[in-house]
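These notes concern the structure reproduced below.
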Amino acid sequence: MRVLIVEDDKDLNRQLAEAFSEAGYAVDKALDGEEGHFLGDTETYDAIILDIGLPQMDGITVLENWRREGRTAPVLILTARDRWNDKVAGIDAGADDYVSKPFHIEEVLARVRALIRRAAGHAASELQCGPVLLDTRTSKVTVDGNPVKLTSHELRLLSYLMHHQDKVISRTELTEHLYDQDFDRDSNTIEVFVGRLRKKIGTDIIETVRGLGYRLTSPGSTESHDGKETA
Ligand code: CA
């Protein structure tokens with residue numbers, strides 16, 4: 016999962032970026048509206064945290080432009096507490112949720128988790144696929160109740176697949192959602208991460224769809240092929 020943080024307050028931007036990185040997200044940052052707009056327009060994000068009061072281009076304009084250009088990523092706006100009209104303008108411009116300043120970072124994290132879940136059609140914060148359970152609140156993964164320790168890239172990969180179960184996900188799509196802008200993508204290919212993840216979770220829920228990508232299906236589900244029973 017990958018997020019963009021557009022916030023001109025450097026300290027706040029850094030705090031948010033650190034919190035999201037620690038929670039396992041790939042994070043891109045922008046300190047003004049123009050740069051934020053550019054990134055949101057050219058890169059792919061699972062959610063965007065957008066301040067309203069920004070230099071170069073204000074947050075409402077940034078958001079209106081994204082929506083006009085067909086960018087559909089969930090957007091959480093950050094507003095000043097006494098500016099109720101910013102919330103209304105932001106939601107009308109296409110925001111999905113808001114948090115008023117000052118806020119607790121935990122609240123921003125929780126709201127973004129919910130936005131990502133709902134965008135993928137999930138209401139509950141625990142995602143399950145066969146014996147594999149991902150608690151999106153804590154980023155903890157268990158297989159048959161046993162905890163599995165994953166690196167942040169493995170976690171992002173599993174989380175993305177679990178949010179989009181039963182769909183074929185291309186390598187390109189995974190690449191867009193796993194790495195931040197500055198990451199050296201060539202030396203860390205998706206195939207390597209998938210291989211490691213399969214080994215760690217020890218169950219064959221990640222199916223390779225030849226020439227197309229990967230699909231997460233729970234063993235024994237109606238989606239699985241040729242009626243083969245898997246243990
Ligand atoms: Ca600001």
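Note that the sequence shown covers residues 16 to 246 in my numbering. Glycine included, every Cβ here is placed at the ideal spot set by N, Cα and C.
Following the DSSP letters along the chain, one finds K155 inside the beta strand (DSSP E) bounded by residues K155 to V158.
Between D181 and R230, the CB-CB gap stays under 9 Å. With 16 or more other Cβ atoms from the protein chains shown falling within 10 Å of its own Cβ, G55 counts as buried. L148 has Q143 and T157 as its beta-bridge partners, per DSSP. Nearest to M177 by C-alpha distance, out of F208, T151 and A45, is T151. For E50, the distance from the CB to the nearest heavy atom of ligand 1 is not below 8 Å. Straight-line spacing of the CA atoms in A95 and Q196 works out to 29 Å. For G48, the enclosing alpha helix (DSSP H) starts and ends at G48 to T57. For G105, the three-state secondary structure derived from DSSP is helix.
The beta carbon of S115 lies closer than 6 Å to those of T94 and R96 in the same chain, with the five residues before and after it left out. Contact check for I64 against A108 fails: the beta carbons are separated by 9 Å or more. Per the C-alpha coordinates, the member of Y60, P70, D201 and A129 positioned closest to K25 is P70.
Contact between L172 and L189 holds: their C-beta atoms lie close to 7 Å from each other, under 8 Å. Proximity of the beta carbon of E22 to ligand 1 is indicated: a heavy atom of the ligand is located closer than 8 Å. In this chain, E222 is not harboured by any alpha helix (DSSP H); it is covered by the beta strand (DSSP E) spanning I221 to V224. If you check the C-beta of I67 against ligand 1, you find a heavy atom less than 8 Å away.
In the three-state reduction of the DSSP assignment, K116 falls in the strand class. Listed in chain order, the non-local C-beta contacts of D23 below 7 Å within the same chain comprise L46, D47, D66, L69 and P70, local neighbours out to five positions each way being set aside.
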